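To start, the structure under review is shown below, and the notes come after it.
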Amino acid sequence: MKNIIKNVLKQEVVLALGCTEPVAVALASASAYSVVKGDIEKINVIVSSNIFKNAFAVGIPGTKNVGLHIAAALGAIGGDCKLKLEVLKNINSNHEKEAKKIVEEGKVRIDVDDSKAIFYIRVEVFTKNGLGVCEIKDKHSNIVYLEANGKVIYENREVAVGSSKSNFDLREFKLLDLIHEIIDMEYKELEFLLEGAEVNIKIAKEGLNNSYGMEIGKRYQKMIEEGIISDDIQNNIIMMTAAASDARMAGCFMPVMSSAGSGNHGITAIIPVAVCAKLLNKDNEELIKALAISHITTIYIKQFTGRLSSVCGCGVAAGVGAACGMCYLLGGNDKEIENTIKNMVGDISGVVCDGAKPGCAIKLSTAAAAAYKAALLATRGVYVPCGNGIVGCDIESTIRNLGIFTREGMKNVDRTIIDIMLKKEYELVC
245 MKNIIKNVLK QEVVLALGCT EPVAVALASA SAYSVVKGDI EKINVIVSSN
295 IFKNAFAVGI PGTKNVGLHI AAALGAIGGD CKLKLEVLKN INSNHEKEAK
345 KIVEEGKVRI DVDDSKAIFY IRVEVFTKNG LGVCEIKDKH SNIVYLEANG
395 KVIYENREVA VGSSKSNFDL REFKLLDLIH EIIDMEYKEL EFLLEGAEVN
445 IKIAKEGLNN SYGMEIGKRY QKMIEEGIIS DDIQNNIIMM TAAASDARMA
495 GCFMPVMSSA GSGNHGITAI IPVAVCAKLL NKDNEELIKA LAISHITTIY
545 IKQFTGRLSS VCGCGVAAGV GAACGMCYLL GGNDKEIENT IKNMVGDISG
595 VVCDGAKPGC AIKLSTAAAA AYKAALLATR GVYVPCGNGI VGCDIESTIR
645 NLGIFTREGM KNVDRTIIDI MLKKEYELVC
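Heads up: the sequence shown begins at 245 in this note's numbering, then just goes up one per residue.
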């Protein structure tokens, strides 16, 4: 089981530059272009509705632009497909200028199609040399098809590792068994997780020191300095988590450590735990085990709820993960970890995902605050009782109910959100 945990963590906890949905489109575009090259004539992009939703209003790293059109153009013009989720790492102002030009000339077309998969991207890049095609499915960097001028370069349409039907299907295990294994693991086996704390705290400080998005983190910092709110663990958790999301959603050109395919999940799963550990004077060994618990819980829940969904994963997955990690730091036992999960699911499971955008920072601050509250209450014997709403009588039934609620109960929510977004896009254009 330890090897499975390490493999899953190394696959699912990776660096990402920019919001992972438009970045995935940029990766597909860069990959499609790489097999034909030449002067770009047009780019056609087909995405599932969840990809469209999460790329509609989010900033693209290194630019002052938002959305899929510029992401696809930048990927083809200056992206490096070898860098996976850091595909836009080497773009510069010339790339941005050229990308904006082909977008303004109407050479980039975006269509939404849910017939292929819940998580699906297809990019067709037409150049003077011909047509390059790339498809990504199930996971942000999982390229399943690559074609150049009708010749198949690569094809592997099996379900991606880490999706709900992966070779590492964590649903085969009980979550507490996974947590017990993590607690028993050696420091060196999990030491690699410290990089995530360092990277995500760094972008949080960037968000505090400069103006990004809604400036929620900066405003919390100012309220603490002015004595309007207390300088305590919870407010520091909120401040740092929001600041990181402020910067990331505004297109800050700094990477974050993602979790379960999402940078905002990574921020939520890591920063509250790291801040809590620091303010509780915990050592690095306790920190990395708390981080591992947070990530594995996040990934575990995502295999029930789906990679992308109509419910905010920063609340119901990464937020629950952070809560469990902090419960461990607070000395919580098995029952208190279980009750922490019940508190989170009973509290914020109904928060919808209406796409990645600057406003996500306020949702992340809510998830972070709820996570610390859930852990504090659980370690003091307070929890949502079995049978209250979708809260079950144990961890597995609670998470299973959450998955049913997310997958089955919210089916029409995404379509409604997309319809509103498409109408809004039309109104903005007009």
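In this text, a Cβ means the ideal position worked out from N, Cα and C, and glycines have one as well. Just so it is clear, the structure is predicted and the values come from calculations on it, not from any experiment.
- Counting only unbroken stretches of 3 or more residues, the beta strand (DSSP E) elements lying wholly within the stretch 321-408 are 352-356, 364-371, 374-381, 387-392, 395-399, in sequence order.
- In the structure shown, L420 adopts helical secondary structure according to DSSP, grouped into three states.
- Shortest Cα-Cα distance from I643 to any of N587, V626, D658, N656 involves N587.
- In the structure shown, S593 falls within a coil segment according to DSSP collapsed to helix, strand and coil.
- Excluding five sequence positions before and after L620, the CB atoms of its chain that fall closer than 8 angstroms to its own CB belong to L574, given in chain order.
- Rounded to the nearest whole angstrom, the C-alpha separation of A622 and I634 is 18 angstroms.
- Within a 10 Å sphere around the beta-carbon of P629 sit fewer than 16 other beta-carbons, which makes this residue exposed.
- In the pairwise beta carbon analysis, the stretch 482-490 is classified as not touching the stretch 434-442: fewer than three pairs are separated by under 8 angstroms.
- DSSP, reduced to helix, strand and coil, places E285 within a strand of the structure shown.
- Here DSSP, grouped into helix, strand and coil, assigns V555 to strand.
- Burial of C604 is indicated by the presence of at least 16 other C-beta atoms within 10 angstroms of its C-beta.
- Taking C-alpha positions only, K395 is separated from R415 by approximately 38 angstroms.
- One alpha carbon belongs to I606, the other to K326, and they sit about 33 angstroms apart.
- Residue pairing from DSSP leaves M654 without any beta-bridge partner.
- Runs of the alpha helix (DSSP H) lying entirely within the stretch 413-480 and spanning at least 4 residues, in chain order: 419-428, 431-434, 438-453, 460-469.
- About 6 angstroms separates the Cβ atoms of A521 and A534, confirming a contact at the 8 angstroms cut-off.
- DSSP lists S503 as the beta-bridge partner residues of S506.
- The stretch 352-364 makes contact with the stretch 379-390; the number of CB pairs closer than 8 angstroms reaches 3 or more.
- Rounded to whole angstroms, the Cβ separation of D358 and S292 is 5 angstroms, and the two are in contact under 8 angstroms.
- I287 places its beta carbon less than 8 angstroms from that of K351.
- Exclusion of the five residues before and after I473 leaves M467, N479 as the residues of its chain whose Cβ lies within less than 6 angstroms of its Cβ.
- For E368, the closest of K328, V519, N298, V289 by C-alpha to C-alpha distance is V289.
- Under the DSSP assignment, F548 falls in the alpha helix (DSSP H) whose first and last residues are 528-549.
- Ranked by Cα distance from I447, the options I423, R463, I427, M493 are led by M493.
- Contact check for T541 against A504 fails: the beta carbons are separated by 8 angstroms or more.
- Secondary-structure assignment with DSSP links A260 through a beta bridge to V500.
- According to DSSP, I290 shares a beta bridge with D355, R366.
- Under the three-state reduction of DSSP, G565 is assigned to helix.
- Rounded to whole angstroms, the Cβ separation of Y572 and I477 is 15 angstroms, and the two are not in contact under 8 angstroms.
- The Cβ-Cβ distance between V564 and I537 does not fall below 8 angstroms.
- Here E450 is not near I532, since their CB atoms are 8 angstroms or more apart.
- Taking C-beta atoms as the reference points, L422 and Y544 count as a pair closer than 8 angstroms.
- Contact between L318 and L261 is absent: CB atoms are separated by about 12 angstroms, not below the 8 angstroms threshold.
- In chain order, T371, N373, G374, G376, A392 place their CB closer than 6 angstroms to the CB of V280, counting only its own chain and leaving out the 5 sequence neighbours on each side.
- C-alpha of K546 to C-alpha of A561: approximately 6 angstroms in a straight line.
- Taking the Cα positions, I321 is about 21 angstroms away from I397.
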